[in-house]
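Down below is the structure, laid out as structure tokens.
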Amino acid sequence: MEDDNRADFEHLQSLAEDDDFHAGDMPNFPEVVNVGDILMGTERAELSHAGGEFASLEEDIEGDWVDETPRKREDWRTRRDRTELRNRAFLSQMPEMVSAYIRMCAESEMPARPRSESRVTVEEVYEIQVVDMFETAGVDVKLDPRGNGVVPALILAEMIPCAPDRPTVAVKVRVLEVYRVAHVHCPQLAIQSFVKSLCDLHGALGRDSKWRLKHACPACTYKLEGEDALIFDMLTCFDGNDSLKRVLQRDKVAMVDSETGEPVLGKSSERVDNRDAGDGYFLLQERVEKWVKDRVADRLPMQAAGKEEDNPCADRWKNMINDVTSKMWGIFDETGIFLALCRHGFVLVIADMIRSGELAKYPLAVVEELLDAFGMNLRVGYDVGCHFGATVANSSLGDEAWEKNLKCLVGSFHGHAHNRLCQLRFLATYVEGMGLEDLEGCERFFSRSNGLAKSCRYASRFHRQQEISTYAKHFDSFETYANLSKFLCSNYRQALTILKTEGALQTWMQHEGVDSVDRFHEWLTEERSYLEGLKDAAKTNEETLEMEYVQKLVNLSASQGADGTYTPGVSKEDRARRRAQEKVEKDLERVEELEEALDVVERWTTESAKWGATVEEIKRRKYAVALNALELLIVERIFELTKMNQSQTGYKMRKHIAKALQARSKAVRAAIDRYNEAAGALNPPMPSITWEQVVEYAFLADFDILRDTRAEVQSKPWTRPAYRLAMDHYFKILRACEEIKRLNVEIPRVVTWIRDENRFLRKMERILSDGEGKSDVEKETDGYMAVQVRLYHQRRGRFDAGHLKRFHELARMPGFTGSLRCGVAVERREDGEDEMDVDDELAPGMVEPHDPQAQGSDDEGDEAGDQAVSGLLY
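Encoded structure:
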């Protein structure tokens, strides 16, 4: 044994004699030398020629004995850093990934043929675990020696890798496609990571996000040359929804406010993610923040001088003021979305509501975007449109909105909770040119999009926007567009059905002696003038001193009557007598104070001159209080009924609302009794109310008329329920005529859009497939892109045959007065596009549009249409 090894061995022997050392403490692994046995001489030590084994053993043993652990290197990287690096790595490979994806789609669509491997020599393979529909297995993927990388090679093999560099797991494309289809039909089926489409087809077609907005709806935006002019070019609606909140990730460290000592939320731990998943649907936050509190608060209608006449509901709808400073729970970052739809249901714009409620800045930003995109003659439906119209007028958008004839209205359902004067100005029933549109499309959209709440609540900002925009894109393409012709045809049939009731209205007019429909317009104008005058000249309902004085005199007389004689020995009667005496003294003190304030020399009695008039004022005051209480209960009942019947309302919530409604119904019945009692006490008595009248929505509009107790007002024809019903019926017939006129414009737009879109996409496919004058690389790339255009064409055109079929069925209906003849789009003529260089052959399954009016004067639809619309309205 060499001297160095002998010295090390002796040192280890000395360590073995230490009391702290126990040979039995060493683990006895079969492939590991037991140092204790070596030191005791029972185990042979295998020493190499190089030596140094005992030195290594000594370091290990001393490290075990000494109560010190090696210092671990601190890793300052976080999951946010890793995620950001992963995203950057994917973005750096995006061009190659896009090319591989396009090539993969093209080869899957083309007939099977040998791959061109003569030009490529496969040098190596890459082993990876692949998640398929029913199994997970290891697969060898051939790599391209041209150096495109592992990720493009996996995509070409119909796999999506889970990491950008040296991935170990990939998911088959068909698995992701199955999930995508399932997810858009069932939004509750959440996903933590979704592979976004890698092919920007719109770039090849020259269509960006601005193009999407300006062409979101064929029926609204695809204007034709020579079409009839409409009063409103486009009808839209928007509203906010707080279901799609997102929790802001924060540090778990508990923090306490230094001043108040109250616990506060930790700092944000959100990772930086600058990717945009809006897909052209979401407004940039910078555009929204232009309308912050310090620029909007001083322009709100409640604070705008001279604008009070434009806000008949100013005293009722306070949220446009309160929401300026409203706050949302601190745990949320995005607190919902603000949505704009066209009247057919296509998504126009979405704005994220950030850490706030439904502030005025969100609808202002949406209005700015719509004015930029569509320009003139927009009509916007909003639940507080009466209030918001003045907000727009007093903002920096006011001049542009006035020049472009923007008008804000109130939806049909929400309008029933507004007062009568507001309805006469802003409800669609009384606005010329609105047709049968109810401006309540957002509520129908939210009833389905609320299913996204579970998958958005704890997602990142990027993935939440991705969820919503993916759903909106699918909703537009496979729900709204698929049902577009159904919407148009259903509205046409509804309008024809309403027109058939014209005869009943004529009969009623003859029976009641109404000589002309002009009377309805006169009554409406008279009612509006009356309500405006009542609003300007009405005195306050506050109790005057004289009313209070008479009331206190009545109370004093009642308390004096209750002051009975004293009966000794009966403690209960004694206590009652003392309380009565105290009440008498209190009432007497208040009466004397009022007498001094009114300078009354002699106390009033029932024979006094002012007693009778003051008593009537008290009765009217009690009547007004009872009427206001009844109105409040009815409005609350309407909104509770709406929530109960809303989609996505759970069983427990429905039971809770049902119990509340049951209690509310009892309260309403009690309020009806109090109202009828107060109404009967007036001179002359006001009309009584029944439970059957309360359950009618339209009854809310009559509250303003009931508030006026003057007999000359109650004798007006437009105050009678039957006349008001006939008046509403007449205006509904007018709106039905306008709806038919609008549909006769929108249906040819859709038919022309189908033809032009079919032509354009086939033309683009032909151009991309044509290899003349192109290099080999361009031929290959454009060939793959042509396949993408064909797939896009198939997706877009799958519903066109159904649309044309519905339109043909509608054209055969009695009363149809429109045309299915294709026109010339204004924008295509302005762009100078040549339509004749593409053949007119329609896609398979599509039928040729025709014009029923071109069949001659004996066409059934024209004759029936002339019969359906009588001379009553013209």
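Read in the UniProt record's numbering, the sequence shown has 752 at position 752, and its numbers run on one by one without any break.
Just so you know, even glycine gets a beta-carbon here, dropped at the ideal spot from N, CA and C.
Just so you know, these numbers come straight off a predicted model, no measurement behind them.
Counting along the chain, F760 sits inside the alpha helix (DSSP H) bounded by residues P721 to S769. If you draw a 10 Å sphere on the C-beta of D333, you find 16 or more other C-beta atoms in it, and that means buried.
Here K716 carries a coil assignment [DSSP, helix/strand/coil]. Taking C-beta atoms under 8 Å as the contact rule, V380 and T236 qualify, at a distance of about 5 Å. Per the Cβ contact rule, the stretch 404-412 is in contact with the stretch 362-378 (3 or more Cβ pairs under 8 Å). By the Cβ criterion, the stretch 338-348 is not in contact with the stretch 386-393, since fewer than three pairs of Cβ atoms, one from each stretch, lie closer than 8 Å. Membership of D239 in the beta strand (DSSP E) is indicated by the continuous run M234 to N241. Just measuring C-alpha positions, the residue of L761, C822, E809 and G823 sitting nearest Q794 is L761. When A100, V745 and G138 are compared, the shortest CA-CA separation from S819 is found for V745. With contacts defined by Cβ atoms closer than 8 Å, P218 and W691 do not form a contacting pair. Rounded to whole angstroms, the gap between the alpha carbons of R798 and F807 is 16 Å. With a cutoff of 8 Å on beta-carbon distance, L248 and A351 are scored as not near each other. Counting along the chain, L371 sits inside the alpha helix (DSSP H) bounded by residues K361 to F374. For K407, the secondary structure class from DSSP, reduced to helix, strand or coil, is strand.
The beta carbons of L439 and L488 sit no closer together than 8 Å.
Where D800 is concerned, the enclosing alpha helix (DSSP H) starts and stops at D800 to A811.
The Cβ neighbour count for I155, taken over all protein chains shown within 10 Å, is at least 16; the residue is labelled buried.
With 16 or more other Cβ atoms inside 10 Å of its own Cβ, A678 counts as buried. Separation of R796 and F478 (C-alpha to C-alpha, rounded to the nearest whole angstrom) is 9 Å.
For Y792, the secondary structure class from DSSP, reduced to helix, strand or coil, is helix.
For L284, the three-state secondary structure derived from DSSP is coil.
Looking at the DSSP output, F332 sits in a beta bridge with V247. Leaving aside the five residues that flank D279 on each side, the residues in its chain whose CB is nearer than 7 Å to its CB run, in chain order, S469 and K473. Setting aside the 5 residues that flank it on each side, E432 is surrounded in the same chain by I231, each with a C-beta closer than 7 Å to its C-beta; the list follows chain order.
Within the same chain, Cβ atoms closer than 8 Å to the Cβ of S108 are found at E158, the five residues on either side in sequence being excluded.
In its chain, beyond the 5 residues on either side, A365, E368 and E369 have a beta carbon closer than 8 Å to the beta carbon of R287.
With distances taken between CA atoms, T719 lies nearest to E527 out of L85, L348, V131 and E527. Sequence-distant Cβ neighbours of F346 in its own chain, meaning closer than 8 Å and more than five residues away, are A216, C217, C220, D476, T480 and Y481. The DSSP-derived three-state label of A351 is strand.
The residue among T605, R603, S557 and W604 with its C-alpha nearest the C-alpha of D587 is S557.
Under the criterion of beta carbons closer than 8 Å, G149 and Q93 qualify as touching, at roughly 6 Å.
Annotated three-state conformation of S268 is strand, per DSSP. E84 and H463 have their C-alpha atoms roughly 14 Å apart.
Judged by DSSP in its simplified three-state form, I128 adopts strand. With distances taken between CA atoms, S356 lies nearest to R246 out of R755, R246, Y101 and E124. The closest CA to that of L424, considering only L531, R669, R812 and Q465, is found on L531.
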